[in-house]
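Asker: Input: one structure, supplied below.
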DNA sequence: AAGTTTTAGTTGACAGCGTCAACAATATTT
DNA sequence: AAATATTGTTGACGCTGTCAACTAAAACTT
């Protein structure tokens, strides 16, 4: 295979992904071209084709690595004793990552993926990211004796809300909605607070109902 | 201006928008080309340029009209006596529209807009859509004596959650997450239920707290 | 070790794209 | 009626992704 006793001989396959990612991070995905990547690496415009059958295959690999980094970032959160605290930490990590890596985030979630069937690896790594959320939610429900479907339903809600606010905050339209800067700055925290309420309202309702006859 | 006593003389400017919208609806936005539009309308490849300075200007007009239709669809909801019912109806309309017009929805919210400064009309009509939500939320808070910032904060949360679930349900990744079909089908309704809980938990908490000493 | 095949690079070509420029015909204005 | 503005045309340029043919070096076979 690779005789690794001399200096690394310049791995073009890997360099393509790095260069493509750099182009996207700087100018956005629509400016990515294979020829541009090739030029940046001082190789001919067809060299990348020896490693990736098409532009989409390279793009899929870039996105796949983003999901990997995202999963790592989520899993690097503080360890927590209670499931509720863990969810809050996870939420903060999620939004931190989304807001400080907007182009990567858009690449993962707001880019029309190349044909999914042709890129199964991409799907596998995307699923890993979702499973972090699902896994964090699980102990919360083990205590409460709920089903996997209940977990998944709530996980989709949590994901939807966080993804929604992340997307909205990044979209240019936010700057033109007459919403005060203060509200914008606090919106991420507010969404997390609302998620918290929605997830834990069952107890609150139970407490309330045990205390008095059902209102309205 | 236009002497309208003979048969309508084929309005190319309008026809371009319609044709472009049709192309996008059929093949997605990345397949849209001005030359393609021109061919479909049996004019030369440069004819559309007499009406739109660039591809992005035509695209902006297509998106703008989508926002108009979206706003109309939201405002066409049933009239409701209570603000809570109105929010629920609005939510249903929002998700109905998003899920039955996926390409238009993606065009509005998941497409990197052409340079915002160059297309102020687009921004104006996008703001109109958001104001529907804001307006529906307003009476809910007049009663409760809250500020505009409170309204906006909750509006952003509601929007984020609905936008999130709409986006997720449309993304191809959903089909590969090992989430049961039943959960997927009910997810939109579940998200709306969770929004409802989060928005109304203040009363519930107030009721509970008045009934017993604060827990935990 | 020699010969063969596979790999990783090259150059060249093609069609499609957005867009600039120059030209023509038809409407509108003066 | 003359001048001008509008709305179309054709042609060209450089960019793109991708196919094809060629080359040199590396790896594998015997």
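Protein chains in written order, with the numbering used here: chain R, 790 to 1005; chain F, 790 to 1005.
Glycine is no exception: its CB is placed at the ideal position from the N, C-alpha and C atoms.
Suppose contacts are defined by Cβ-Cβ distances below 8 Å. Is residue 961 of chain R in contact with residue 948 of chain F by that definition?
Answerer: As a position in the first chain, residue 961 of chain R is number 172, starting the count at 1. As a position in the second chain, residue 948 of chain F is number 159, starting the count at 1. Cβ atoms of residue 961 of chain R and residue 948 of chain F: not closer than 8 Å.
Asker: Residue 972 of chain R: which of F:848, F:853 and F:940 sits nearest, CA to CA?
Answerer: Looking up residue 972 of chain R in the first chain gives position 183. With distances taken between Cα atoms, residue 972 of chain R lies closest to F:940.
Asker: I'd like the span of the alpha helix (DSSP H) that includes residue 886 of chain R, first residue to last.
Answerer: Counted from its first residue, the first chain places residue 886 of chain R at position 97. Where residue 886 of chain R is concerned, the enclosing alpha helix (DSSP H) stretches over 872-889.
Asker: Beta-carbon separation of residue 802 of chain R and residue 846 of chain R under 8 Å?
Answerer: Here residue 802 of chain R refers to the residue found at position 13 of the first chain. Here residue 846 of chain R refers to the residue found at position 57 of the first chain. No, these two residues do not count as a Cβ contact at 8 Å.
Asker: What residue range does the alpha helix (DSSP H) around residue 968 of chain R cover?
Answerer: As a working note, residue 968 of chain R is residue 179 in the first chain. Here residue 968 of chain R belongs to no alpha helix (DSSP H), and DSSP marks it neither H nor E.
Asker: Please report how far the alpha carbon of residue 780 of chain R lies from the alpha carbon of residue 800 of chain F, in whole angstroms.
Answerer: Shown here, chain R extends from 790 to 1005; a query on residue 780 of chain R therefore has no answer.
Asker: Can you check whether the CB of residue 896 of chain R is closer than 8 Å to the CB of residue 813 of chain R?
Answerer: Residue numbering aside, residue 813 of chain R sits at position 24 when the first chain is read from its first letter. Residue numbering aside, residue 896 of chain R sits at position 107 when the first chain is read from its first letter. The answer is yes: Cβ separation under 8 Å.
Asker: In chain F, which residues lie with their C-beta within 9 Å of the C-beta of residue 826 of chain R?
Answerer: Against the first chain, residue 826 of chain R aligns to sequence position 37. Within chain F, no residue comes near residue 826 of chain R; the closest Cβ sits about 19 Å away, beyond 9 Å.
Asker: Quick check on residue 952 of chain F: buried or exposed, where buried means 16 or more other Cβ atoms within 10 Å of its Cβ?
Answerer: Counting from one through the second chain, the residue named residue 952 of chain F turns up at place 163. Counting Cβ neighbours within 10 Å, residue 952 of chain F comes out buried, since at least 16 surround it.
Asker: Taking any Cβ of chain R, which residues in the region 843-875 of chain F have a Cβ under 7 Å from it, in chain order?
Answerer: Flagged: no residues at all.
Asker: DSSP three-state call for residue 934 of chain R: helix, strand or coil?
Answerer: Translated into the one-based positions of the first chain, residue 934 of chain R becomes position 145. Here residue 934 of chain R sits in coil by DSSP.
Asker: List the residues of chain R whose Cβ lies closer than 7 Å to the Cβ of residue 835 of chain F, in chain order.
Answerer: As a working mapping, residue 835 of chain F is identified with position 46 in the second chain. Going along chain R, no residue has its Cβ under 7 Å from residue 835 of chain F, so there is no contact; the nearest lies around 23 Å.
Asker: Determine the chain F residues that contact residue 813 of chain R at a beta-carbon separation under 8 Å, and present them in chain order.
Answerer: Start at 1 with the first residue of the first chain, and residue 813 of chain R comes out as number 24. Near residue 813 of chain R there are no residues of chain F at all, since even the closest Cβ is about 12 Å away, more than 8 Å.
Asker: How far does the alpha helix (DSSP H) with residue 857 of chain R in it extend, from its first residue to its last?
Answerer: In the first chain, counting from the first residue as 1, residue 857 of chain R sits at position 68. It spans 844-864 - the alpha helix (DSSP H) in which residue 857 of chain R sits, taken as one unbroken run.
Asker: Closest to residue 854 of chain F by C-alpha separation, out of F:918, F:816, F:881 and F:824, would be which residue?
Answerer: Translated into positions along the second chain, residue 854 of chain F becomes position 65. The shortest C-alpha separation from residue 854 of chain F is found at F:918.
Asker: Between which two residues does the alpha helix (DSSP H) carrying residue 815 of chain R extend?
Answerer: Counting from 1 along the first chain, the entry for residue 815 of chain R is found at position 26. Run containing residue 815 of chain R: 801-816, per the alpha helix (DSSP H) assignment.
Asker: At 8 Å on the CB atoms, spell out the chain R contacts of residue 946 of chain F, in chain order.
Answerer: Here residue 946 of chain F refers to the residue found at position 157 of the second chain. 950, 954, 976, 979, 980 and 983, listed in chain order.
Asker: Any contact between the region 926-941 of chain R and the region 982-992 of chain F? By contact I mean 3 or more CB pairs, one from each, below 8 Å.
Answerer: Touching, no, given that fewer than three Cβ pairs across the two stretches are closer than 8 Å.
Asker: So, using beta-carbon positions, are residue 904 of chain R and residue 856 of chain R closer together than 8 Å?
Answerer: Here residue 904 of chain R is taken as the residue at index 115 of the first chain, counted from 1. Here residue 856 of chain R is taken as the residue at index 67 of the first chain, counted from 1. The answer is no: Cβ separation not under 8 Å.
Asker: Taking just the CA atoms, how far does residue 958 of chain R sit from residue 924 of chain F?
Answerer: Translated into positions along the second chain, residue 924 of chain F becomes position 135. Translated into positions along the first chain, residue 958 of chain R becomes position 169. Cα-Cα distance, rounded: 20 Å.
Asker: How do the region 856-868 of chain F and the region 883-900 of chain F stand: do at least 3 beta-carbon pairs fall below 8 Å, yes or no?
Answerer: Yes: at least three Cβ pairs fall under 8 Å.
Asker: Excluding sequence positions up to five away, which residues of its chain have a Cβ less than 6 Å from the Cβ of residue 850 of chain R?
Answerer: The residue given as residue 850 of chain R occupies position 61 in the first chain. Around residue 850 of chain R: 806.
Asker: Of the residues F:978, F:981, F:824 and F:965, which one's Cα is nearest the Cα of residue 916 of chain R?
Answerer: Here residue 916 of chain R corresponds to residue number 127 of the first chain, with the count starting at 1. Considering only alpha carbons, the answer is F:965.
Asker: Name the two residues that bound the continuous alpha helix (DSSP H) containing residue 830 of chain F.
Answerer: Reading the second chain from its first residue, position 41 is the one you call residue 830 of chain F. Counting along the chain, residue 830 of chain F falls outside any alpha helix (DSSP H), and DSSP gives it neither H nor E.
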